[in-house]
Amino acid sequence: MGAVVTRTAGGFEVRIRVAGTLPQVWDGSNVENVVAFFDVDLDGRVDYEARGHPAEEGWSASSRSPSGAGFGAASGVTATPVGDTLVLSFPASVVGDASSFQWSVATEFGSLAQVASGTTASDFAPDSGGVRFPA
Ligand SMILES: [Ca+2]
Numbered sequence: 002m003g004a005v006v007t008r009t010a011g012g013f014e015v016r017i018r019v020a021g022t023l024p025q026v027w028d029g030s031n032v033e034n035v036v037a038f039f040d041v042d043l044d045g046r047v048d049y050e051a052r053g054h055p056a057e058e059g060w061s062a063s064s065r066s067p068s069g070a071g072f073g074a075a076s077g078v079t080a081t082p083v084g085d086t087l088v089l090s091f092p093a094s095v096v097g098d099a100s101s102f103q104w105s106v107a108t109e110f111g112s113l114a115q116v117a118s119g120t121t122a123s124d125f126a127p128d129s130g131g132v133r134f135p136a
């Protein structure tokens, strides 16, 4: 898995490349999340998340901030699969209007019970060592 963050006119774009081809739709059972994590105050704790996940009619997105979560269009995030790369695009408001941060990405795949467990979240969230943006 490899990823790159770029600044866009309206915010940011995160391109996350995975091994193999991304599914176009939900497989009907497993949850798949492709997630970008942002630590905007550099304290080692994730403050914002942008997520993409395959749904019945293509990829959907969600976001999480200290004040709550947004789903679908309300998340501000769009998730577009392009072959082996998922493109997450979103306005700067999704990362609290930050212009610099440390970031990382992860994927989750499994049953809802597995993905929703507290241990899964702590296992997959980066504890430290995110990549700085701008570099
Ligand atoms: Ca933080």
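Numbering (the numbering used here), first residue to last: 2 to 136.
Here a beta-carbon is modelled for each residue, glycine too, at the ideal position from N, C-alpha and C.
Keep in mind that this is a model prediction, so the values were computed, not measured.
Q.
Cutting at 7 Å between CB atoms, please list the residues of its own chain near Gly97, excluding the five before and the five after it.
A. Here residue 97 refers to the residue found at position 96 when the sequence shown is read from its first residue. Cβ neighbours of Gly97 beyond the five flanking positions: Val41, Asp48, Tyr49, Ser66.
Q: Count the other C-beta atoms from every protein chain shown that fall within 10 angstroms of the C-beta of Asp124, then say buried if there are 16 or more, exposed otherwise.
A: Numbered from its first residue, the sequence shown carries residue 124 at position 123. With a pLDDT of 46 at Asp124, under the threshold of 50, the modelled position of that residue is not reliable, and the figure given next carries that caveat. The residue in question, Asp124, is exposed, as its Cβ has fewer than 16 Cβ neighbours within 10 Å.
**Q.** beta strand (DSSP E) segment containing Asn34, residue limits
**A.** Start at 1 with the first residue of the sequence shown, and residue 34 comes out as number 33. Per DSSP, the continuous beta strand (DSSP E) segment holding Asn34 begins and ends at 32 to 40.
Q) Can you tell which of Arg52, Gly84, Val26, Leu23 has the C-alpha that lies nearest to the C-alpha of Ala70? A) What you label residue 70 is simply residue 69 of the sequence shown in a count that begins at 1. It is Arg52.
Q: Give every residue of the same chain whose Cβ lies closer than 8 Å to the Cβ of Asp28, excluding the five residues on either side of it in the sequence, and list them in chain order.
A: Walking along the sequence shown from the start, residue 28 turns up at place 27. The residues are Pro55.
Q: List the residues that DSSP assigns as beta-bridge partners of Thr86.
A: In the sequence shown, residue 86 corresponds to position 85, counting from 1. Thr86 has Arg18, Val83 as its beta-bridge partners, per DSSP.
Q: Check Ser94 in the structure and name its three-state DSSP category.
A: Mapped onto the sequence shown, residue 94 falls at position 93. DSSP, reduced to helix, strand and coil, places Ser94 within a helical segment of the structure shown.
Q.
What I want to know is whether the C-beta of Arg52 ends up closer than 7 Å to one or more non-hydrogen atoms of ligand 1.
A. In the sequence shown, counting from the first residue as 1, residue 52 sits at position 51. The answer is no for Arg52.
Q. According to the Cβ coordinates, are Leu89 and Val32 closer than 8 Å?
A. Position 88 of the sequence shown, counting from 1, holds the residue named residue 89. Position 31 of the sequence shown, counting from 1, holds the residue named residue 32. Their beta carbons are not under 8 Å apart, which means Leu89 does not touch Val32 by this criterion.
Q | Among Gly84, Pro24, Pro92, nearest to Ser63 - alpha-carbon criterion | A | Here residue 63 is taken as the residue at index 62 of the sequence shown, counted from 1. Checked all of Gly84, Pro24, Pro92; the closest Cα to Ser63 is Pro92.
Q: Express the C-alpha separation of Leu23 and Val83 in angstroms, rounding to a whole number.
A: One-based indexing of the sequence shown puts residue 83 at position 82. One-based indexing of the sequence shown puts residue 23 at position 22. Spanning the two alpha carbons is a distance of roughly 8 Å.
Q: Measuring only between beta-carbons, confirm whether Ser112 sits less than 8 Å from chain D.
A: Protein chains in the displayed structure number just one, and chain D is not present.
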